[in-house]
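A quick write-up on the structure given underneath.
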Amino acid sequence: MTASGRPDPSPLLPVLYEDNHLLAVVKPPGILSQADETGESDMVTLLKDDLKVRYGKPGNVYVGLVHRLDRPVGGAMLFAKTSKAASRLSESVRSRSFDKIYLAVVHGAPAASSGRLRHFLRKDAGRNIVTVHEQAVRDAKEAILDYAVAAKRGAYSLVAVKLLTGRSHQIRAQMAAIGCPLVFDRKYGAPPVQGEQDIALWSTSIGISHPVTKEWLTIISRPPASLPWTRFDEADFSGALRLLAHEGGTDR
52 MTASGRPDPS PLLPVLYEDN HLLAVVKPPG ILSQADETGE SDMVTLLKDD LKVRYGKPGN
112 VYVGLVHRLD RPVGGAMLFA KTSKAASRLS ESVRSRSFDK IYLAVVHGAP AASSGRLRHF
172 LRKDAGRNIV TVHEQAVRDA KEAILDYAVA AKRGAYSLVA VKLLTGRSHQ IRAQMAAIGC
232 PLVFDRKYGA PPVQGEQDIA LWSTSIGISH PVTKEWLTII SRPPASLPWT RFDEADFSGA
292 LRLLAHEGGT DR
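239 is the number that the working numbering gives to position 188 of the sequence shown; each next residue is one higher, with no gaps.
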């Protein structure tokens, strides 16, 4: 049992926060957010199975998908445990009152230490890649993010990113468009690096008004203790979060 009295979660999906309405876990890189035609493992199915085992529920278990993370991305991911919570959280996403902060390790450094990027992204489903455009073009969607450089170590920078829109491959494509591809992200132009692994992008903070209590909730997930993250220290990570933190947020 956990300190809160809840059954122990699966070690594959560490729980960051859980109550009767919400469930936040660490999504491992490489796992789909929701099921697709491939039939490969996805977060919604894994969590339903986990909740059935932990709480001994024989029937269906509700797990509502509130937002998505691209398959190669790991970190904090929030789900609803009731349809009412799912509806209210989805409205927060639509109204852009759902804060999502990512940490990325990029090659080089942006020309400005902080700023807002606005592009138009068009997805090529056949190649599973998006192209970046400065102006609106047919079938492209507007993509906006704020970023701030938190630290620099040699040829690499630790960048905090707050998404204002949620487009497929958004951070990867927009950072590459300004000449700073994510480490290990060969799809978007990163140079080869010895010991390649998961792309250096981590969902590190989710901020949301609780759908029932209305209290501001901040959920934190630190990047893994592996390269290239280990080039930076805890002070760098904490400083990165402060750069783009919601002014009304409080940690829990």
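We put the beta carbon where it would ideally sit given N, CA and C, even for glycine. In this text the structure is predicted, and so the values were computed from the model without any measurement.
By alpha-carbon positions, which one of T216, A131 and V156 ends up nearest to A148? Within the sequence shown, residue 148 is the residue found at index 97, counting from 1. Sequence check: residue 148 is Ser here, not Ala. Looking at the Cα atoms, T216 is the closest of the given residues.
T269 classed as buried or exposed, judged by whether at least 16 other C-beta atoms fall within 10 angstroms: Mapped onto the sequence shown, residue 269 falls at position 218. It is buried - the Cβ of T269 has at least 16 other Cβ atoms within 10 Å.
C-alpha distance - V188 paired with D121, whole-angstrom precision: Taking the first residue of the sequence shown as 1, we reach residue 188 at position 137. Taking the first residue of the sequence shown as 1, we reach residue 121 at position 70. Spanning the two alpha carbons is a distance of roughly 23 Å.
Buried or exposed (CB count within 10 angstroms, at least 16 for buried), L98: Against the sequence shown, residue 98 aligns to sequence position 47. Buried.
Inter-residue spacing [alpha-carbon to alpha-carbon] between L63 and F235: Translated into the one-based positions of the sequence shown, residue 63 becomes position 12. Translated into the one-based positions of the sequence shown, residue 235 becomes position 184. Rounded to the nearest angstrom, the two C-alpha atoms are 23 Å apart.
Is K132 helix, strand or coil when you go by DSSP? Residue numbering aside, residue 132 sits at position 81 when the sequence shown is read from its first letter. In the structure shown, K132 sits in coil (DSSP, three-state: anything other than H, G, I, E or B).
By Cβ distance, which residues of its chain are closer than 6 Å to Y68, with the 5 residues on each side in sequence left out? Position 17 of the sequence shown holds residue 68. Here the set comprises A75 and I270.
Extent of the continuous alpha helix (DSSP H) to which K103 belongs: Taking the sequence shown and counting its residues from 1, the one referred to as residue 103 is at position 52. First-last of the alpha helix (DSSP H) with K103: M94 to Y106.
Please report how far the alpha carbon of G299 lies from the alpha carbon of T255, in whole angstroms. Taking the sequence shown and counting its residues from 1, one reaches residue 299 at position 248. Taking the sequence shown and counting its residues from 1, one reaches residue 255 at position 204. Caution applies to G299, whose pLDDT of 38 falls short of 50 and renders its modelled position unreliable; the model cannot decide the point.
What are the uninterrupted segments assigned as alpha helix (DSSP H) that are 4 or more residues long and contained completely in the stretch 205-255, given in chain order? 221-228
Going by C-alpha distance, which of V77, R139 and D284 is nearest K265? Here residue 265 corresponds to residue number 214 of the sequence shown, with the count starting at 1. When each option's Cα is compared against that of K265, the closest is R139.
Judging by CA-CA distance, which residue of P79, R218 and A201 is the nearest neighbour of E285? Looking up residue 285 in the sequence shown gives position 234. The candidate whose alpha carbon is nearest that of E285 is A201.
Does DSSP put T182 in a helix, a strand or coil? Against the sequence shown, residue 182 aligns to sequence position 131. It is a strand residue.
3 or more residues per run - each beta strand (DSSP E) lying fully within the stretch 154-198: 165-175 and 180-184
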